[in-house]
Amino acid sequence: MGHLFQLCVDRLLDNQSPSLDTVKMQVYFDMNYTSRADFLEEHRRVLDQRLQPVVREITDSRARTRDELEAALQSVFPQTELGTFMSLTKRDKERQLSELTLIVTGIRLFNRECGKGGEGIDDLPAILSEAIPATTQNVRTEIQNTTKLAFTYTALIEDTVVNQKALDGLSLSGLKEALINTRQHEAFLSILLNDVMGCAQQVDGLESQFAARMETLKNTVQSKTAVPTAQVYPQFITLAHLWTGFQDEMVLLSVLSNILASLEPFTKGFCGWSLVVYDRLLIPSNPANGVLRYNDNYYSFCDKQAAYEFANAPDSYITGVAEAAKKSPELIQLLELHTQFASITPYAQANLRTKLTHSMQTNLSQFRRDNDCQVYLPKDAETQTKRDSSTNVPKPSTFVAGLRGCNSTKTTMNVVDLTLDIDQT
-15 MGHLFQLCVD RLLDNQSPSL DTVKMQVYFD MNYTSRADFL EEHRRVLDQR LQPVVREITD
45 SRARTRDELE AALQSVFPQT ELGTFMSLTK RDKERQLSEL TLIVTGIRLF NRECGKGGEG
105 IDDLPAILSE AIPATTQNVR TEIQNTTKLA FTYTALIEDT VVNQKALDGL SLSGLKEALI
165 NTRQHEAFLS ILLNDVMGCA QQVDGLESQF AARMETLKNT VQSKTAVPTA QVYPQFITLA
225 HLWTGFQDEM VLLSVLSNIL ASLEPFTKGF CGWSLVVYDR LLIPSNPANG VLRYNDNYYS
285 FCDKQAAYEF ANAPDSYITG VAEAAKKSPE LIQLLELHTQ FASITPYAQA NLRTKLTHSM
345 QTNLSQFRRD NDCQVYLPKD AETQTKRDSS TNVPKPSTFV AGLRGCNSTK TTMNVVDLTL
405 DIDQT
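Here the numbering used here is used: the first residue of the sequence shown is -15, the next is one more, and so on.
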């Protein structure tokens, strides 16, 4: 057990290990990346939470007096509607405020389009039209560099394994770990590129809808001095919702730009035959060579020879892949082998983003700077309870008479109760 513990510590402290870097990359990505829907939901929840203090001051009648609330709301509500608003429930007040916010936002956006206001509103469509192509190009460049590096590692490993050439100053196992690391990075970058392209499509749709709605609103208002609210308020609200969509894409693109990884490959795989035959050599598979369905799983291969040999003994190669993953645990996440390792939970199911971390002292950590913290030391204290009291009950005492010492020839045994009365104790 001690040897296993020391082995784990040595691997965790190995700063030159590509295998450890791969595991760190996988954990980092899982803790920082989330789906588009989950991210937008979390983003809106945070915004609502920041606005809660302001909403609470307006809707909670206990925080302010009625006169103060009416004075604060006169700037946004007609005087005739203040009484109605003040009589609403807290939930109805919040709904009214949300609708009012959307209407005001739509009005400011319309004024900005007409050149009559909207100061302080950034041109989000123009910013996104520049940021998305730049981000896409950056990700594509990273993918090209990573793929080129993976091809270099693959060529070196194949030359060493197939042609039996020696590696000057290089470790074969180290090259294989580096190739795994590179392929994982390539996979993460690919899904990042897909997300950025999804942002581009979403922005294109928002721009067309926003332009169409703005044109409709201009035709409705034109040069009129007064327009029924029933005609324009719904259009202002729609404008505000579309603008919120632009804001969501801005924040989402910013997050994607800061994540230096991508998701595990769903549509891209590696040849299981070469992984076993060449001992953890990752060669991308080509579905054009054929796809094998076995036990409700699908396998693709790098060439026809690999497909034929795998099909003749699939269980042997599947077991071989599991054995290869035991040598390089980072393959479990990369190749999604969790079904073959039941005791290992996938990062996505473990939900590491919600877990707390704990620190421990190692041979190196004690040399870091000292930290001081204030604590409350235990102190002696007494507590008073009910008064102490005791009770004294009589002790049972009996005597058996008539067993011996009688002059008569016949004796009778009697039990004499000698217990004192409670009053006599």
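Glycine is no exception: its CB is placed at the ideal position from the N, C-alpha and C atoms.
Going by DSSP, what residue range makes up the beta strand (DSSP E) through residue i?
i      : result
Val180 : Taken as a continuous stretch (DSSP letters only), Val180 belongs to no beta strand (DSSP E), being part of the alpha helix (DSSP H) at Leu156 to Val205.
Ala385 : Thr382 to Ala385
Tyr283 : Asn281 to Phe285
For residue i, count neighbouring Cβ atoms within 10 angstroms of its own Cβ and tell me buried if that reaches 16, exposed if not.
i       : result
Gln10   : buried
Met169  : Per the sequence shown, the amino acid found at residue 169 is His instead of Met. Counting Cβ neighbours within 10 Å, His169 comes out buried, since at least 16 surround it.
Cys183  : buried
Ser246  : Low confidence applies here, because Ser246 scores a pLDDT of 48, under 50, leaving its location unreliable and the question unanswered by this model.
Thr68   : exposed
Lys149  : exposed
Ser192  : exposed
Asp179  : buried
Tyr278  : exposed
Ser3    : buried
Ser155  : exposed
Lys77   : buried
Gly386  : exposed
Thr6    : buried
Val399  : exposed
Arg264  : buried
Gly189  : exposed
Ser(-3) : Sequence inspection shows Leu at residue -3; the Ser mentioned does not correspond to that position. Exposed: under 16 other Cβ atoms inside 10 Å.
Thr138  : buried
Lys35   : First, the amino acid is wrong: residue 35 is Leu here, not Lys. It counts as exposed.
Leu72   : exposed
Gln350  : Since pLDDT at Gln350 reaches only 48, below the 50 mark, its modelled position is unreliable, and the value read off the structure follows with that caveat. It counts as exposed.
Cys98   : exposed
Ser269  : buried
Ala171  : buried
Val260  : buried
Pro37   : exposed
Pro249  : In this prediction, Pro249 has a pLDDT of 35, which is less than 50 and means its spatial position is unreliable; what the coordinates show is noted afterwards. By the neighbour-count rule (16 or more Cβ atoms within 10 Å), Pro249 is buried.
Let me check understanding here. Comparing Cα to Cα, which of the options lies closest to residue i?
i      : options                           : result
Thr411 : Ser155, Gln185, Thr136 and Leu190 : Because the chain is modelled from -15 through 409, residue 411 falls outside the range shown and cannot be assessed.
Glu41  : Met70, Leu(-9) and Asn281         : Met70
Leu159 : Leu266, Glu97, Phe285 and Leu236  : Leu266
Gly104 : Leu84, Leu93, Val(-7) and Thr204  : Leu93
Phe13  : Leu387, Gln317, Asp401 and Thr323 : Gln317
Leu404 : Asn376, Pro2, Gly386 and Leu321   : Asn376
Phe194 : Lys208, Thr222, Thr204 and Val216 : Thr222
Ala306 : Arg124, Asp280 and Trp257         : Trp257
Tyr262 : Gln206, Thr213 and Val146         : Val146
Asn273 : Arg75, Val260, Asn16 and Phe294   : Phe294
Leu226 : Pro212, Arg34 and Gln186          : Gln186
Asp106 : Arg(-5), Phe230 and Tyr17         : Phe230
Where do the N-terminal and C-terminal ends of the alpha helix (DSSP H) with residue i fall, by residue?
i       : result
Asn147  : Leu108 to Asn147
Asp(-6) : Gly(-14) to Leu(-4)
Asn398  : It is not in any alpha helix (DSSP H) - Asn398 instead sits in the beta strand (DSSP E) that spans Asn398 to Asp401.
Lys77   : Lys74 to Cys98
Pro218  : Thr213 to Asn242
Asn16   : Pro2 to Asn16
Pro298  : Pro298 to Lys311
Leu318  : Glu314 to Leu318
If you measure from the CB of residue i, is any heavy atom of the ligand COA nearer than 8 angstroms?
i     : result
Pro37 : Looking at this structure, you won't find the ligand COA or any other ligand, since it has none at all.
Would you list the residues sitting across from residue i in a DSSP beta bridge?
i      : result
Tyr278 : Asn281
Asn270 : Phe285
Hey, is residue i's beta-carbon within less than 9 angstroms of any beta-carbon in chain B?
i     : result
Leu72 : Here chain B cannot be found, since the structure has a single protein chain.
**Prompt:** Are the region 190 to 205 and the region 299 to 314 in contact at 8 angstroms, needing three or more beta carbon pairs?
**Reply:** no
**Message:** Under 8 angstroms, with one C-beta from each stretch per pair, do the region 271 to 288 and the region 142 to 149 reach the 3-pair mark?
**Reply:** no
**Asked** Are there three or more Cβ pairs, one per stretch, closer than 8 angstroms when the region 232 to 246 is compared with the region 109 to 116?
**Response** Cβ pair count under 8 angstroms is three or more, so yes.
**Prompt:** Can at least three beta-carbon pairs, one atom from the region 85 to 100 and one from the region 208 to 223, be found at a separation below 8 angstroms?
**Reply:** yes
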